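Per UniProt numbering, the sequence shown starts with residue 1, numbered consecutively.
Glycine is no exception: its CB is placed at the ideal position from the N, C-alpha and C atoms.
Here the structure is a predicted model, which is why all the values come from computation and not from measurement.
Structure, as structure tokens:
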Amino acid sequence: MALPGAKENLKLFKADLMDPGSFDGAVKGCSIVIHTAAPVLVEQGNLKENMIEPMVKGVDNVLGSVERCTTVRRVVMTSSIAAVGYSVKPVLTEDDWEAEGSDTQLEYAYGKRLSEQRAWELAGKQTRWSLVTVLPSIIFGPVPLTLRSAPSTKFMQQLLTQCWPLVGNLSWPTVDVRDVAAVHTLAAFTPRAHGRYMCSSRNGSMYGATYAIKARFEGFWPASLVAPQWLVLALVPPRQRPYIKSMWGKCPQYDSRRALSDLGLSGWVPLEDSLEDMTLDLAAKGLVKEPPGRVVGDGGVAAAR
């Protein structure tokens, strides 16, 4: 409630993805519903019960509330680029779907695919409201204080605290959190928006992230020596190993041109700016130490604005 105007314009409701009808109060009277809630990558316990089922049942419950609210005309749902998959194809588009996951491997991607497909199934059974899905890649940039457990936050904390003597040869698609917010907003209010929108600016890597941070901050030296794959696989939890193998030394291009052409997005925040602004934001929130020094002339998005 500390945001400007929140006391006058923001109303909070208690809801639970697994509780049918618990979103009815929040949805009542709305014309647009943005469904962003879903479990993140869970590393322990029964993943089918703790992650996959809440993803799918959450869609059922939120869209059930939408069905009971006759004022809703559009639903924007946060899916994930994981629902497109980690194919060996050189370029992936919104026409692609993840096909390698199950409830015992690549569970997060599997759950995101099932939940998005369920949303499209329910949307196809009626004509009152339209569905648009947004598929972000790995998100960097300033984060809410409550998102300490987000994968990119954990990654940056470990990188910035120099807890790794080596880095893996991992490549992954990236996007800035402010671009993700912009795509959701444009998808909600642009009449011609339809279908799926991938939201990914460019591919990054662990080595590239360390190099970008070194270039922006004087005297800051995170690890940049590359570890062999066998060592990384031995150190990570078994459930993460399929993801490591799928992203080791390669990453397909995710074609996000529809977000630019259909929604009018002018461009993407550069990864280097995302990393710089995230570093400064984490330091300001006390999640990492202040960087030793900042390179004069580089300001990132936060400083430029």
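C-alpha distance - arginine 68 paired with alanine 119, whole-angstrom precision: Spanning the two alpha carbons is a distance of roughly 16 Å.
For glycine 18, the three-state DSSP class (helix, strand or coil): Sequence inspection shows methionine at residue 18; the glycine mentioned does not correspond to that position. Coil.
Within the segment 170-210, ranges of the beta strand (DSSP E) (whole runs, at least 3 residues): Within the segment 170-210, complete beta strand (DSSP E) segments of at least 3 residues are found at 171-176, 195-199, 202-205, given in chain order.
Three-way DSSP call (helix, strand, coil) for valine 143 in this model: Note: valine 143 maps to coil in three-state DSSP.
Strand pairing of residue 310, partner residues [DSSP]: Here the chain comprises residues numbered 1 to 305, so residue 310 is not present and cannot be evaluated.
8 Å Cβ cutoff met for glutamate 94 and arginine 196: It is a contact, given that the beta carbons lie within the stated cut-off.
DSSP beta-bridge partners of glutamine 157: Its beta-bridge partners do not exist; DSSP assigns none.
C-alpha gap between lysine 89 and glutamine 158, whole angstroms: If I take the Cα positions, the gap works out to 31 Å.
Cutoff 7 Å; reference proline 291; Cβ partners in own chain excluding five residues on either side: These residues qualify, in order along the chain: Phe217, Phe220, Thr279, Ala283.
Closest residue to proline 142 among Val59, Asp277, Val72 (Cα-Cα distance): The option with the nearest alpha carbon to proline 142 is Asp277.
Stretch pair the segment 24-37 + the segment 91-110: three plus CB contacts closer than 8 Å: Here the segment 24-37 does not lie against the segment 91-110, with fewer than 3 beta-carbon pairs under 8 Å apart.
CB contact flag (valine 183, serine 200, <8 Å): The beta carbons of valine 183 and serine 200 sit no closer together than 8 Å.
Span separating the alpha-carbon of glycine 249 from that of leucine 170: The C-alpha of leucine 170 is placed about 6 Å away from the C-alpha of glycine 249.
The segment 236-253 in contact with the segment 105-112 per 3-pair CB rule at 8 Å: The segment 236-253 is in contact with the segment 105-112.
Identity of the residue in Trp172, Leu122, Gly264, Thr190 nearest alanine 82 by Cα: Selected option, being the one with the closest Cα: Trp172.
Counterpart residues of glutamate 218 in DSSP-defined beta bridges: Partner(s): Gly293.
Span separating the alpha-carbon of valine 269 from that of aspartate 179: Computed Cα separation, rounded: 7 Å.
Same chain, Cβ closer than 6 Å to asparagine 203, neighbours up to 5 away in sequence not counted: If we look at asparagine 203 and ignore the five residues flanking it on each side, its Cβ neighbours are Ser171, Pro173, Cys251.
Start and end residues, alpha helix (DSSP H) containing isoleucine 244: Per DSSP, isoleucine 244 belongs to the alpha helix (DSSP H) from 241-247.
Three-state secondary structure assigned by DSSP to residue 337: Here the chain comprises residues numbered 1 to 305, so residue 337 is not present and cannot be evaluated.
Of the listed residues Gln105, Val177, Tyr86, nearest to aspartate 96 (C-alpha basis): Of Gln105, Val177, Tyr86, the residue nearest in Cα terms is Tyr86.
Backbone CA spacing between serine 31 and threonine 153 [nearest angstrom]: Cα atoms of serine 31 and threonine 153: separation of roughly 33 Å, rounded to the nearest angstrom.
Pairwise C-alpha distance: methionine 51 and aspartate 16: Rounded to the nearest angstrom, the two C-alpha atoms are 14 Å apart.
Buried or exposed (CB count within 10 angstroms, at least 16 for buried), leucine 10: So leucine 10 ends up on the exposed side.
Beta-carbon separation (whole angstroms), valine 27 vs valine 56, contact threshold 8 Å: In this structure valine 27 is not in contact with valine 56, their Cβ atoms being roughly 19 Å apart against a cut-off of 8 Å.
Bridge partner(s) assigned by DSSP for tyrosine 254: DSSP lists Leu92 as partners of tyrosine 254.
Valine 33: first and last residue of the uninterrupted beta strand (DSSP E) it sits in: Looking at the DSSP string, the run of the beta strand (DSSP E) that includes valine 33 is 32-35.
Presumed contact (8 Å Cβ cut-off) between leucine 186 and leucine 263, rounded CB distance: Confirmed, about 4 Å.
Coarse secondary structure for alanine 304, derived from DSSP in three states: Because the pLDDT at alanine 304 is just 33, under 50, the model does not fix this residue reliably, and the point stays unresolved.
Rounded separation between glutamate 53 and arginine 294 - CA only: The alpha-carbon atoms of glutamate 53 and arginine 294 are separated by roughly 45 Å.
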